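Numbering of the sequence shown is given in UniProt numbering, commencing with residue 1 and proceeding in unit increments.
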Amino acid sequence: MSIPSLTLRPATAADAPLIAAMHTASWQATYRNLLPAAFLDDEVGTERATWWRARMEAPGGDRRLVLIAELNETTPVGFVCVERQPDSPWGVLLDNLHTLPAWQGIGVGKRLMQAAQDWARARGESQIYLYVLEGNTAAIAFYERQGWQYSGAEPDRMGGADITALRYIYRLNAL
Numbered sequence: 001m002s003i004p005s006l007t008l009r010p011a012t013a014a015d016a017p018l019i020a021a022m023h024t025a026s027w028q029a030t031y032r033n034l035l036p037a038a039f040l041d042d043e044v045g046t047e048r049a050t051w052w053r054a055r056m057e058a059p060g061g062d063r064r065l066v067l068i069a070e071l072n073e074t075t076p077v078g079f080v081c082v083e084r085q086p087d088s089p090w091g092v093l094l095d096n097l098h099t100l101p102a103w104q105g106i107g108v109g110k111r112l113m114q115a116a117q118d119w120a121r122a123r124g125e126s127q128i129y130l131y132v133l134e135g136n137t138a139a140i141a142f143y144e145r146q147g148w149q150y151s152g153a154e155p156d157r158m159g160g161a162d163i164t165a166l167r168y169i170y171r172l173n174a175l
């Protein structure tokens, strides 16, 4: 399904609070049974606000793309962040891809993912990768439907809990 009124716009440092709020809402809905409730209910908002403020103000913005998806150019419904990783054997990192729960299933994630892939491809990259939490079955199914392939698992820590991050890769075809 296509959304004719969906636009993608580059994020600026001034958008850090908006991105953090969307990131928080996404994690609270998606990770409810994967991360501690105390983290999701009490800490994640502050943690994400601090993290996004620092990221959007950090040097190296030329090696990253952050886009905000908006319906009718006024209603933010998701965002994507993709970043070149110079020393990574996996290619470009699709670090964040979030659609607010009320807008999932209507094509926002596909559009954001395509924009990230196009950005990486335009920079001569041949592969893009991401991490998804083990147990996030909806996201895993979404990535696999889009042609992403599982390529490994790594232990990590998030919200005070030990987790397993599954790595998925997508080979970019030349234009």
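The beta-carbon is built from N, C-alpha and C at its ideal position, and this holds for glycine as well.
Since this is a predicted model, take the numbers as computed values, not measurements.
{"Query": "Leu112: first and last residue of the uninterrupted alpha helix (DSSP H) it sits in", "Result": "Val108 to Ala122"}
{"Query": "Residue ranges of each alpha helix (DSSP H) within the region 13 to 49, 4 or longer", "Result": "16 to 30"}
{"Query": "C-alpha gap between Phe79 and Pro36, whole angstroms", "Result": "24 Å"}
{"Query": "Backbone secondary structure at Pro59 - three-state DSSP", "Result": "coil"}
{"Query": "Whether residue 176 touches Ala25 by CB criterion (9 Å)", "Result": "Here the chain has residues from 1 to 175 only, and residue 176 is not among them."}
{"Query": "Continuous beta strand (DSSP E) stretch holding Ala153: start and end", "Result": "Gln149 to Met158"}
{"Query": "Tyr168 beta carbon less than 9 Å from that of Tyr131", "Result": "yes"}
{"Query": "Residue range of the alpha helix (DSSP H) that includes Arg145", "Result": "Thr137 to Arg145"}
{"Query": "Minimum Cβ-Cβ distance from Thr7 to chain B less than 9 Å", "Result": "You won't find chain B in this structure, because it holds only one protein chain."}
{"Query": "For Asn72, the residue or residues it bridges with in DSSP", "Result": "According to DSSP, Asn72 bridges with nothing at all."}
{"Query": "Option in Trp148, Asp95, Asp15 and Thr46 with minimal Cα separation from Pro76", "Result": "Asp15"}
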